[in-house]
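K.L.:
Starting off with a structure, shown below.
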Amino acid sequence: MKLHLKIWRQKTSTATGSYETHTVEADEHMSFLEMLDVLNEQLISEKKDPVAFEHDCREGICGACSMVIDGRPHGPQNGTTTCQLHMRAYKENDTITIEPFRVGAFPVVKDLVVERSSFDRIIQAGGYVSVNTGQAQDANATPIEGGIAAEAFDAATCIGCGACAAACPNGSAMLFTSAKVNHLAKLPQGQVEHKKRVQSMVAQMDKEGFGFCSNVKACEVECPKEISTENIAALNRAYISSMFTTSD
Amino acid sequence: MALENKVPPGPLSEKWTKYKSTMNLVAPNNKRRIEVIVVGTGLAGASAAATLGELGYQVKCFCFHDSPRRAHSIAAQGGINAAKNYQNDGDSVYRLFYDTIKGGDYRSREANVHRLAEASTEIIDQCVAQGVPFAREYGGLLANRSFGGVQVSRTFYARGQTGQQLLLGAYQALSRQIAKGTVKMYNRHEMLDLVKVDGKARGIIARNLLTGELERFAAHSVVLGTGGYGNVYYLSTNAMGSNVSAAWRAVRKGALMANPCFTQIHPTCIPVSGEYQSKLTLMSESLRNDGRVWVPKSVADAEAIQRGEKTALDIPEEDRDYYLERRYPAFGNLVPRDVASRAAKVACDEGKGVSKTGLAVYLDFASAIIRYGKSEALTTGISNPTEAKIKELGEEVVAKKYGNLFQMYEKITGENPYKMPMKIYPAVHYTMGGLWVDYNLETNVPGLFALGEANFSDHGANRLGASALMQGLADGYFVIPYTIGSFLANEIRTPAFSTDMPEFEQAENDVANRMEKIMNIQGDQSVESFHRRLGKIMWDHCGMSRNAEGLKEGRQKIRALREEFYRDVFVPGRADEFNPELEKALRVADFLEMGEVMILDALERNESCGGHFREEYKSEEGEAKRNDADYTHVSAWEWDDTNPILHKEALEFENVELKTRSYK
Chain A
0 MKLHLKIWRQ KTSTATGSYE THTVEADEHM SFLEMLDVLN EQLISEKKDP
50 VAFEHDCREG ICGACSMVID GRPHGPQNGT TTCQLHMRAY KENDTITIEP
100 FRVGAFPVVK DLVVERSSFD RIIQAGGYVS VNTGQAQDAN ATPIEGGIAA
150 EAFDAATCIG CGACAAACPN GSAMLFTSAK VNHLAKLPQG QVEHKKRVQS
200 MVAQMDKEGF GFCSNVKACE VECPKEISTE NIAALNRAYI SSMFTTSD
Chain B
0 MALENKVPPG PLSEKWTKYK STMNLVAPNN KRRIEVIVVG TGLAGASAAA
50 TLGELGYQVK CFCFHDSPRR AHSIAAQGGI NAAKNYQNDG DSVYRLFYDT
100 IKGGDYRSRE ANVHRLAEAS TEIIDQCVAQ GVPFAREYGG LLANRSFGGV
150 QVSRTFYARG QTGQQLLLGA YQALSRQIAK GTVKMYNRHE MLDLVKVDGK
200 ARGIIARNLL TGELERFAAH SVVLGTGGYG NVYYLSTNAM GSNVSAAWRA
250 VRKGALMANP CFTQIHPTCI PVSGEYQSKL TLMSESLRND GRVWVPKSVA
300 DAEAIQRGEK TALDIPEEDR DYYLERRYPA FGNLVPRDVA SRAAKVACDE
350 GKGVSKTGLA VYLDFASAII RYGKSEALTT GISNPTEAKI KELGEEVVAK
400 KYGNLFQMYE KITGENPYKM PMKIYPAVHY TMGGLWVDYN LETNVPGLFA
450 LGEANFSDHG ANRLGASALM QGLADGYFVI PYTIGSFLAN EIRTPAFSTD
500 MPEFEQAEND VANRMEKIMN IQGDQSVESF HRRLGKIMWD HCGMSRNAEG
550 LKEGRQKIRA LREEFYRDVF VPGRADEFNP ELEKALRVAD FLEMGEVMIL
600 DALERNESCG GHFREEYKSE EGEAKRNDAD YTHVSAWEWD DTNPILHKEA
650 LEFENVELKT RSYK
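Line order of the protein sequences matches chains A and B.
Take 0 as the starting number for the first sequence in numbering that gives the first Met the number 0 and just add one per residue.
Take 0 as the starting number for the second sequence in numbering that gives the first Met the number 0 and just add one per residue.
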């Protein structure tokens with residue numbers, strides 16, 4: 000099928016970007032990124048600069064792919080990363096607009112590639128359990144109710160792609176941050192540091208320049224792992240209570 | 000060169016404990032002054048960097064991704080083995096050790112494998128303490144499932160995303176050390192050379208991928224956790240960026256590449272759908288707990304399916320050949336990967352494939368759905384359930400166990416696997432070969448260590464399912480933190496190295512020249528097209544089955560392709576800027592050399608074992624036939640532009656008797 004692409008091109012993080020249009024011949028079984036491979040091979044054969052885009056595992060788990068397709072992070076299908084989107088979602092002569100995630104805390108590197116190390120720094124601020132290697136007790140010493148472990152797992156499936164922040168009109172990282180806070184808070188292992196963790200991760204999120212949450216909930220809709228905004232509500236409760244009850 | 004494996008003396012089960020308790024240590028005050036470079040942030044690299052940081056070493060850690068969390072360990076699905084024996088089904092450290100040795104077709108080092116089995120239990124404890132949300136039973140205790148090649152349930156899992164959860168655990172441990180300042184993290188930095196000073200590994204040259212700048216980094220020791228080389232085949236389950244370059248650069252600096260022909264072809268992947276395909280997607284081995292593999296008994300039925308005139312549902316039970324259950328009654332659908340892959344190839348070669356291309360077999364969940372449905376109806380007190388109700392209940396149970404995998408399958412193929420059996424075919428998945436290391440995980444270059452998939456040591460000629468995660472974390476959390484002391488204890492008086500030393504300058508110049516050479520070719524063919532052609536050569540000549548003639552031909556083709564690459568590749572842009580095409584070109588250039596060593600090794604190993612199947616060496620039933628008299632050794636290759644040199648390390652089996660591997 001013939002497709003028309005309107006793609007954001009931007010040489011460097013400081014350069015002014017603009018849209019470029021291209022036509023590609025795609026197959027319905029291709030993934031969206033394989034369609035972009037076709038475009039890049041085309042550009043390279045014309046000795047032009049290929050479109051830079053982030054990708055790696057191409058099976059929906061590494062969180063590298065990061066583009067906005069027709070206004071939606073990761074494209075038109077819910078619960079789907081860009082790499083898992085297949086061209087059978089499109090038809091002959093469709094025009095597709097592709098642009099990078101647009102978030103203040105994710106500066107553009109080139110074309111569709113953005114820098115997301117702000118997420119790493121949020122995790123570094125406390126998104127862990129402080130246990131050195133070798134300090135653990137037997138794994139079955141603390142039973143955890145199956146349902147609780149499953150809820151922790153649901154929050155822990157976040158792939159750190161940043162679609163939540165890209166979908167948010169405020170550029171907020173609340174879904175990302177709250178998913179980690181709640182994953183750990185659900186488990187007895189994460190309880191000890193819970194209050195301190197909430198405060199320091201939220202502080203880091205603000206420091207990175209992410210916006211506030213105003214309950215738009217676009218993040219939940221666009222999250223490829225369908226992480227619930229209930230996590231945000233839980234984070235808010237935990238944050239407020241931690242202000243009155245932390246020991247230091 | 001004599002390869003000294005440094006396996007400590009004593010009875011097998013006491014070697015590691017005794018060695019650990021008597022080896023040289025580095026005191027805390029000295030650790031603070033000693034620098035270690037860790038390249039790679041997958042399970043092995045991240046766990047090593049975090050643990051070395053905890054111990055007090057000054058760690059510099061590198062990854063080529065935008066974040067350490069993107070390493071390809073994240074995509075591992077099924078689970079991680081550990082000899083916990085929580086199921087009381089007869090498991091033990093010895094049994095895990097034995098299964099791994101046998102599964103590897105008796106081509107791995109006993110002492111390393113036993114240590115791996117010992118460490119396995121500590122890994123689970125550690126990961127649970129970090130908050131890894133493993134699957135649990137109703138009573139709140141950890142759940143297990145079975146993987147191929149074993150008769151116990153020892154695999155711990157977090158739905159079909161075990162690798163993700165374990166990697167996030169290691170990434171979080173690493174993040175904690177980064178915050179504390181014990182680890183300095185360098186994202187988007189790709190190692191392009193190893194720097195040796197007086198014969199010891201003392202640093203690396205890395206390219207800052209954002210700016211294109213070459214940077215020098217010095218340390219007392221260098222640890223590689225850089226994964227395997229499966230992408231030499233172009234199409235594999237590896238991520239697009241997975242590459243052999245760090246390990247290959249070490250080989251170019253004198254390290255040895257061991258058993259490179261041992262590659263794992265995973266039996267259950269989504270089949271290739273077209274020429275444009277960029278990668279293959281795995282369907283976890285855990286699915287073989289409940290899925291039954293079959294093809295039609297008759298070629299006529301298969302051809303009707305290939306033409307689209309029939310579907311799986313049109314083939315009655317008696318006309319189906321559940322060939323794994325038939326050929327291997329003791330292990331059935333859970334035979335090891337190499338065995339299952341070859342059996343699928345045999346079925347398709349007979350013309351019984353079930354897709355348009357004829358290269359697919361069925362993985363069918365219908366009987367599991369009925370079985371679970373009936374049991375669920377009983378436990379929930381539904382008497383006389385209808386068939387539809389049973390199916391509904393059964394599908395719910397299957398969704399709970401494998402939901403994300405079924406969803407992934409449907410997204411990629413557009414077919415609903417609850418209603419129609421999955422179509423699967425083998426694909427390149429893992430490489431058992433890797434840098435030669437001794438018991439300390441140190442290569443033959445002093446001070447250079449290799450962990451996880453990047454080394455060769457634990458899986459022999461075939462890796463069992465759910466053992467890669469185990470090895471990556473064992474090496475990183477529980478082995479290297481001790482064994483690196485064997486080298487560093489002698490370095491406490493060595494001051495920090497300056498990157499102004501001539502060795503660093505020389506290495507940086509070499510890299511710059513290499514890049515300039517590739518940039519200046521300005522030919523007409525894309526890097527991608529060369530990579531695809533290399534993959535085709537490797538798959539055709541050094542894939543699921545190999546023969547001497549084909550291998551010789553393959554070697555010539557690779558050499559010709561390499562020559563063509565250096566004459567006609569086109570890399571756009573500049574070297575001193577963000578340039579993903581240049582990154583790819585440098586990786587493909589290294590694959591073009593690695594592929595040749597794999598072929599040489601496959602040619603030299605005149606036997607069939609594990610994933611290495613030479614058509615000339617098989618039993619009457621078509622099973623792999625080893626040659627223990629001549630090939631009970633590790634083949635370690637030294638690179639040379641014209642004729643790479645083979646070194647051998649004899650494998651001694653003191654505890655396990657070498658037998659013909661049978662899963663019948």
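We treat Cβ as the ideally placed atom computed from N, Cα and C, and that holds for glycine.
All of these numbers come straight from a predicted model, not from anything done at the bench.
Start and end of the beta strand (DSSP E) containing residue 20 of chain A?
P.N.:
Residue 20 of chain A -> beta strand (DSSP E) spans 17-24.
K.L.:
For the beta strand (DSSP E) containing residue 634 of chain B, list its first residue and its last residue.
P.N.:
632-637 is the span of the beta strand (DSSP E), which, as asked, contains residue 634 of chain B.
K.L.:
Which full runs of the beta strand (DSSP E) of 3+ residues lie inside the stretch 426-471 of chain B, going along the chain?
P.N.:
Entirely contained in the stretch 426-471 of chain B, the beta strand (DSSP E) runs reaching 3 residues are, in chain order, 447-449.
K.L.:
Give the DSSP-derived three-state secondary structure of residue 37 of chain A in the structure shown.
P.N.:
Helix, per DSSP.
K.L.:
Going along chain A, which residues have a C-beta under 8 Å from residue 186 of chain B?
P.N.:
Per Cβ cutoff of 8 Å: 116 and 119.
K.L.:
Could you pull the start and end residues of the beta strand (DSSP E) that residue 205 of chain B belongs to?
P.N.:
Where residue 205 of chain B is concerned, the enclosing beta strand (DSSP E) stretches over 199-207.
K.L.:
Does DSSP put residue 210 of chain A in a helix, in a strand, or in coil?
P.N.:
The answer is strand: DSSP assigns residue 210 of chain A an E or B state.
K.L.:
Would you list, in sequence order, the uninterrupted alpha helix (DSSP H) runs of no fewer than 4 residues that lie entirely inside the stretch 553-624 of chain B?
P.N.:
Counting only runs of 4 or more, we get 579-603.
K.L.:
Tell me, please, whether the CB atom of residue 577 of chain B is closer than 8 Å to any CB atom in chain A?
P.N.:
Answer yes: the Cβ-Cβ gap between residue 577 of chain B and chain A drops below 8 Å somewhere.
K.L.:
DSSP on residue 72 of chain A, reduced to helix/strand/coil?
P.N.:
Strand at residue 72 of chain A.
K.L.:
Give a yes or no on contact between the stretch 311-326 of chain B and the stretch 270-280 of chain B, applying the rule of three or more CB pairs nearer than 8 Å.
P.N.:
No, they do not touch.
K.L.:
By Cβ distance, which residues of its chain are closer than 6 Å to residue 181 of chain A, with the 5 residues on each side in sequence left out?
P.N.:
Taken in chain order, the residues that qualify are 154, 230 and 233.
K.L.:
Determine the extent of the beta strand (DSSP E) in which residue 649 of chain B is found, giving its start and end residues.
P.N.:
Taken as a continuous stretch (DSSP letters only), the beta strand (DSSP E) holding residue 649 of chain B covers 644-649.
K.L.:
Which same chain residues, not among the five before or five after residue 44 of chain B, have their C-beta less than 6 Å away from its C-beta?
P.N.:
Excluding sequence neighbours, residue 44 of chain B sits near 37 and 224.
K.L.:
Using 10 angstroms around the beta-carbon of residue 621 of chain B, count the other beta-carbons present and answer buried if the total reaches 16, otherwise exposed.
P.N.:
Exposed: under 16 other Cβ atoms inside 10 Å.
K.L.:
Output the distance between the C-alpha atoms of residue 67 of chain A and residue 171 of chain A, rounded to the nearest integer angstrom.
P.N.:
Going by the C-alpha atoms only, they are around 16 Å apart.
K.L.:
Helix or strand or just coil, what does DSSP make of residue 161 of chain B?
P.N.:
In the structure shown, residue 161 of chain B sits in a helix (DSSP, three-state: H, G or I).
K.L.:
Just how far apart, CA to CA, sit residue 667 of chain B and residue 281 of chain B?
P.N.:
As displayed, chain B neither begins before 0 nor continues past 663, which places residue 667 of chain B out of reach and without an answer.
K.L.:
Counting contacts by CB-CB distance shorter than 8 Å, is residue 91 of chain A in contact with chain B?
P.N.:
It does not; no Cβ of chain B falls within 8 Å.
K.L.:
Compare the C-alpha of residue 221 of chain B against each of B/21, B/254, B/208 and B/231 and name the closest.
P.N.:
Nearest option by C-alpha distance: B/254.
K.L.:
Who are the near neighbours of residue 523 of chain B in its chain, counting only those whose CB is closer than 7 Å to its CB and skipping five residues on each side?
P.N.:
Excluding residues within five positions, the ones whose Cβ falls inside 7 Å are 567 and 569.
K.L.:
Output, in chain order, the set of chain B residues within a Cβ distance shorter than 9 Å of residue 152 of chain A.
P.N.:
Simply 132, 133, 134, 157, 158, 160 and 164.
K.L.:
Below 7 Å on C-beta distance, what does residue 131 of chain A contact in chain B?
P.N.:
Here the neighbours are 53.
K.L.:
Is there a C-beta anywhere in chain B that falls below 8 Å from the one on residue 139 of chain A?
P.N.:
Yes, its Cβ sits closer than 8 Å to a Cβ of chain B.
K.L.:
Name, going along the chain, the residues of the stretch 568-602 of chain B whose beta-carbon falls closer than 7 Å to a beta-carbon of chain A.
P.N.:
Flagged, chain order: 569, 571, 572, 577, 579 and 580.
K.L.:
Would residue 5 of chain A pass as a contact of residue 147 of chain A if the rule is Cβ separation under 8 Å?
P.N.:
In this structure, residue 147 of chain A does not lie closer than 8 Å to residue 5 of chain A by Cβ.
K.L.:
Hey, out of A/223, A/193 and A/208, whose CA is closest to residue 236 of chain A's CA?
P.N.:
Residue A/193 is the option with its Cα nearest to residue 236 of chain A.
K.L.:
What's the call for residue 644 of chain B, buried or exposed, on a 16-neighbour Cβ count within 10 Å?
P.N.:
Classification of residue 644 of chain B: exposed, given that the 10 Å Cβ count is below 16.
K.L.:
Between residue 378 of chain B and chain A, is the shortest Cβ-Cβ distance under 8 Å, so that the two count as touching?
P.N.:
It does not: the Cβ of residue 378 of chain B has no partner Cβ on chain A nearer than 8 Å.
K.L.:
Measure how close the beta-carbons of residue 408 of chain B and residue 394 of chain B come, nearest whole angstrom, since I'm counting them as under 8 Å.
P.N.:
Between residue 394 of chain B and residue 408 of chain B the Cβ distance is about 14 Å, and since that is not below 8 Å, they are no contact.
K.L.:
So, at 6 Å on beta carbons, what are the nonlocal neighbours of residue 57 of chain B in its own chain, with the 5 sequence-adjacent residues on each side left out?
P.N.:
So the list reads 34, once near-sequence residues are dropped.
K.L.:
In the DSSP output, what is residue 538 of chain B paired with across the bridge?
P.N.:
According to DSSP, which records beta bridges pairwise, residue 538 of chain B is partnered with nothing at all.
K.L.:
Using the C-alpha atoms, what's the distance from residue 18 of chain A back to residue 7 of chain A?
P.N.:
When rounded, the distance between both Cα atoms is 4 Å.
K.L.:
Hey, is residue 99 of chain A's beta-carbon within less than 8 Å of any beta-carbon in chain B?
P.N.:
False, the Cβ-Cβ gap to chain B never drops below 8 Å.
K.L.:
Can you check whether the CB of residue 532 of chain B is closer than 8 Å to the CB of residue 550 of chain B?
P.N.:
Taking 8 Å as the Cβ cut-off, residue 550 of chain B and residue 532 of chain B do not qualify as a contacting pair.
K.L.:
How would you write the range of the alpha helix (DSSP H) that residue 248 of chain A sits in, first residue to last?
P.N.:
Nothing about residue 248 of chain A can be read from this structure; chain A reaches only from 0 to 247.
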